[in-house]
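In the order they appear, the protein sequences are chains A and B.
Number 21 in the working numbering belongs to position 21 of the first sequence; there are no gaps in the numbering.
Offset between the second sequence (1-based) and the working numbering: plus 157.
This report concerns only the one structure given below.
There are 2 protein chains.
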Amino acid sequence: MLKLVFPAAFLLAALAPSTQQTKPASAGDEGVARQILALERAALDRSDRGDGEGFLELSDAGVSYFDPGLAEPIRGLQALRPYYHGLPPSEPGSGEMLNAHVQVAGDVAVLTFRYVIKTVRSGRVTRWNATEVYHRTSAGWRIIHTHWAYTTPRLAK
Amino acid sequence: MLKLVFPAAFLLAALAPSTQQTKPASAGDEGVARQILALERAALDRSDRGDGEGFLELSDAGVSYFDPGLAEPIRGLQALRPYYHGLPPSEPGSGEMLNAHVQVAGDVAVLTFRYVIKTVRSGRVTRWNATEVYHRTSAGWRIIHTHWAYTTPRLAK
Numbered sequence: 001m002l003k004l005v006f007p008a009a010f011l012l013a014a015l016a017p018s019t020q021q022t023k024p025a026s027a028g029d030e031g032v033a034r035q036i037l038a039l040e041r042a043a044l045d046r047s048d049r050g051d052g053e054g055f056l057e058l059s060d061a062g063v064s065y066f067d068p069g070l071a072e073p074i075r076g077l078q079a080l081r082p083y084y085h086g087l088p089p090s091e092p093g094s095g096e097m098l099n100a101h102v103q104v105a106g107d108v109a110v111l112t113f114r115y116v117i118k119t120v121r122s123g124r125v126t127r128w129n130a131t132e133v134y135h136r137t138s139a140g141w142r143i144i145h146t147h148w149a150y151t152t153p154r155l156a157k
Numbered sequence: 158m159l160k161l162v163f164p165a166a167f168l169l170a171a172l173a174p175s176t177q178q179t180k181p182a183s184a185g186d187e188g189v190a191r192q193i194l195a196l197e198r199a200a201l202d203r204s205d206r207g208d209g210e211g212f213l214e215l216s217d218a219g220v221s222y223f224d225p226g227l228a229e230p231i232r233g234l235q236a237l238r239p240y241y242h243g244l245p246p247s248e249p250g251s252g253e254m255l256n257a258h259v260q261v262a263g264d265v266a267v268l269t270f271r272y273v274i275k276t277v278r279s280g281r282v283t284r285w286n287a288t289e290v291y292h293r294t295s296a297g298w299r300i301i302h303t304h305w306a307y308t309t310p311r312l313a314k
């Protein structure tokens, strides 16, 4: 049975709790949600400063990865690492996780959230939809899938 | 340990096999990959004809869902159903799964692929990145998370 875990106010005040909770979360699942959110937030804090190593350290050898700049998904950490390292240096920003949500299914946790990041100097705002699939391994929680996409992108005609 | 399963030619000729396989897939995982791909393809065949019920039947009560038309993710089948039913009727199309990939972690399977769909009459092509997280339940495999996004969207200035 899939258990839904919604991070409520007790987790992180910045996360807007969902209003559609239909199943109570177990204490164990609440702990998992708390762990996953902390791991993700720590990696985001680093990537907001232009340091992608936090995500690389968290990612599983077999990670799959989508973002809107890629014509094909990336398969595997060996391919993700040089991609991250080759990205142009980005202006430091400050991002907020919104509407975050953790679903726990066995040793897998699916984290979904919106991420709104504002660059410190120019104030440019980018809005993301984010999926992170975490897997509990002997080495701790590892990301086995990442999907970044724009929220409601305005397309060129 | 996460096992990677790549659908090779024996699965579906239309699926381009990945070239980055580093771990052998077990026979059980190959069976799971085959099942997941068949379920997804059957639901896509229906949605290509404008019938979203296949995806609704496959989706778990607690499904989470992103697509580029949504300002916020959808949480739960009770919210996904009216959203699907409210979408404007789409012109029938024919879509191809490309670079499909199944990762198996316990009772969870993460399917990632590109989907290139061409409408039958006008020939308009749309390119998607797709993530489907399936969970093995007593009722069979159910989708617990869906993320649709455009591949390399060209944004308005």
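Ideal placement from N, C-alpha and C gives every residue a C-beta, glycine not left out.
Remember, predicted model here, so these are calculated numbers, not experimental data.
* Thinking C-beta only, is T269/B closer than 9 Å to H147/A? -> Within the first sequence, residue 147/A is the residue found at index 147, counting from 1. Within the second sequence, residue 269/B is the residue found at index 112, counting from 1. Yes. Within cutoff.
* Does the Cβ of H85/A have 16 or more other Cβ atoms within 10 Å, making it buried, or fewer, making it exposed? -> To locate residue 85/A, count along the first sequence from 1; it is residue 85. Exposed, because fewer than 16 other Cβ atoms sit within 10 Å of the Cβ of H85/A.
* Return the CA-CA distance between T152/A and P225/B, expressed in angstroms with no decimal places. => Reading the first sequence from its first residue, position 152 is the one you call residue 152/A. Reading the second sequence from its first residue, position 68 is the one you call residue 225/B. In a straight line, the C-alpha of T152/A is about 5 Å away from that of P225/B.
* Asked: What's the gap between the Cα of T179/B and the Cα of S122/A?
  -> Locating residue 179/B in the second sequence gives position 22, counting from the first residue. Locating residue 122/A in the first sequence gives position 122, counting from the first residue. Reliability fails at T179/B, whose pLDDT of 40 lies under 50, so the model's placement of it is uncertain and no value is given.
* Keeping to the same chain, check which residues put their C-beta closer than 8 Å to that of L244/B; ignore five residues upstream and five downstream. => In the second sequence, residue 244/B corresponds to position 87, counting from 1. Cβ within range, chain order: G209.
* Chain-ordered neighbours of G123/A on chain B, where CB pairs are closer than 9 Å -> Stepping through the first sequence from its first residue, residue 123/A is reached at position 123. Correct list: empty, because the minimum Cβ distance to chain B is about 18 Å.
* Asked: So with Cβ pairs under 9 Å, would you call I274/B a contact of chain A?
  -> Indexing the second sequence from 1 puts residue 274/B at position 117. Closer than 9 Å: no.
* Asked: Using Cβ-Cβ distances below 9 Å, what residues of the segment 87 to 117 of chain A are close to chain B?
  -> L98, N99, H101, Q103, A105, G106, D107, V108, V110, T112, F113, R114
* V120/A, buried or exposed, once every other Cβ within 10 Å from all chains shown has been counted against 16 -> Start at 1 with the first residue of the first sequence, and residue 120/A comes out as number 120. Flag for V120/A reads exposed.
* Asked: CB F66/A to CB I143/A, shorter than 9 Å?
  -> The residue given as residue 66/A occupies position 66 in the first sequence. The residue given as residue 143/A occupies position 143 in the first sequence. Cβ atoms of F66/A and I143/A: not closer than 9 Å.
* Asked: Out of curiosity, what's the CA-to-CA distance linking L77/A and H135/A?
  -> In the first sequence, counting from the first residue as 1, residue 77/A sits at position 77. In the first sequence, counting from the first residue as 1, residue 135/A sits at position 135. Going by the C-alpha atoms only, they are around 15 Å apart.
* By a C-beta neighbour count over all protein chains shown, 10 Å radius and 16 as the cutoff for buried, is L155/A buried or exposed? -> For the purposes of this step, residue 155/A is taken as the residue at position 155 of the first sequence. Exposed: under 16 other Cβ atoms inside 10 Å.
* **Simplified DSSP assignment, three categories, for G297/B** => By 1-based counting over the second sequence, the position of residue 297/B is 140. In this structure, G297/B counts as strand in the three-state DSSP scheme.
* Cβ-based neighbour list, T288/B, same chain, cut-off 6 Å, excluding 5 preceding and 5 following -> In the second sequence, counting from the first residue as 1, residue 288/B sits at position 131. Counting only Cβ-Cβ distances below 6 Å, and skipping sequence neighbours, we find T269, H304.
* **Residue span of the alpha helix (DSSP H) that contains S47/A, given as start and end** => Counted from its first residue, the first sequence places residue 47/A at position 47. 27 to 48 is the span of the alpha helix (DSSP H), which, as asked, contains S47/A.
* **Opening and closing residue of the beta strand (DSSP E) in which E253/B lies** => The residue you call residue 253/B lines up with position 96 of the second sequence. Element bounds for E253/B: 250 to 262.
* Counting along the chain, where does the alpha helix (DSSP H) carrying L213/B start and finish? -> Residue 213/B sits at position 56 when you count from the first residue of the second sequence. Where L213/B is concerned, the enclosing alpha helix (DSSP H) stretches over 210 to 215.
* With a 10 Å radius around its C-beta and 16 neighbouring C-beta atoms as the bar for buried, classify A105/A as buried or exposed. => In the first sequence, counting from the first residue as 1, residue 105/A sits at position 105. Its Cβ being crowded by 16 or more others within 10 Å, A105/A is buried.
* **Which listed residue (T294/B, P239/B, L196/B, D202/B) has its alpha carbon closest to that of D99/B** => Nothing can be reported for residue 99/B: it is not among the residues displayed for chain B, which extend from 158 to 314.
* Using CA coordinates, which residue listed in A43/A, I36/A, A27/A, Q35/A is at the minimum distance from G95/A? -> Your numbering for residue 95/A matches position 95 in the first sequence. Comparing alpha carbon positions, the residue from A43/A, I36/A, A27/A, Q35/A closest to G95/A is A43/A.
* List the residues of chain B that V32/A touches, going by C-beta distances under 8 Å, in chain order. => As a working note, residue 32/A is residue 32 in the first sequence. Per Cβ cutoff of 8 Å: no residues; V32/A is ~14 Å from chain B at best.
* **Neighbour-count burial assignment, P246/B, 16 or more Cβ in a 10 Å radius** => Within the second sequence, the letter at position 89 stands for residue 246/B. Classification of P246/B: exposed, given that the 10 Å Cβ count is below 16.
* To the nearest angstrom, report how far apart Y115/A and S64/A are at their CA atoms. => Along the first sequence, read from residue 1 onward, the residue named residue 115/A stands at position 115. Along the first sequence, read from residue 1 onward, the residue named residue 64/A stands at position 64. About 20 Å.
* Are any of the Cβ atoms in chain B nearer than 9 Å to that of V133/A? -> Here residue 133/A corresponds to residue number 133 of the first sequence, with the count starting at 1. It does; some Cβ of chain B falls within 9 Å.
* Asked: Should E187/B go down as buried or exposed, given a rule of 16 or more other Cβ atoms within 10 Å for buried?
  -> The residue given as residue 187/B occupies position 30 in the second sequence. Buried, because 16 or more other Cβ atoms sit within 10 Å of the Cβ of E187/B.
* Interface residues of chain B facing P153/A [CB-CB closer than 9 Å] -> What you label residue 153/A is simply residue 153 of the first sequence in a count that begins at 1. Near P153/A (Cβ distances below 9 Å), the residues of chain B are P225, A306, Y307, P310, L312, A313.
* To do: Using only alpha-carbon positions, find the residue among Y150/A, P73/A, A33/A, K157/A that is nearest to N256/B.
  => Your numbering for residue 256/B matches position 99 in the second sequence. Selected option, being the one with the closest Cα: P73/A.
* Taking 9 Å as the CB-CB limit, is R75/A close to chain B? -> Locating residue 75/A in the first sequence gives position 75, where the first residue counts as 1. Yes, R75/A lies at the interface with chain B (some Cβ there is under 9 Å from its Cβ).
* Give a yes or no on whether the minimum CB-CB distance between H242/B and chain A is below 9 Å. => In the second sequence, the residue the question calls residue 242/B occupies position 85. It does not; no Cβ of chain A falls within 9 Å.
* Within 10 angstroms of the Cβ of A190/B, are there 16 or more other Cβ atoms? Answer buried if so, exposed if not. => The residue given as residue 190/B occupies position 33 in the second sequence. Burial call: buried.
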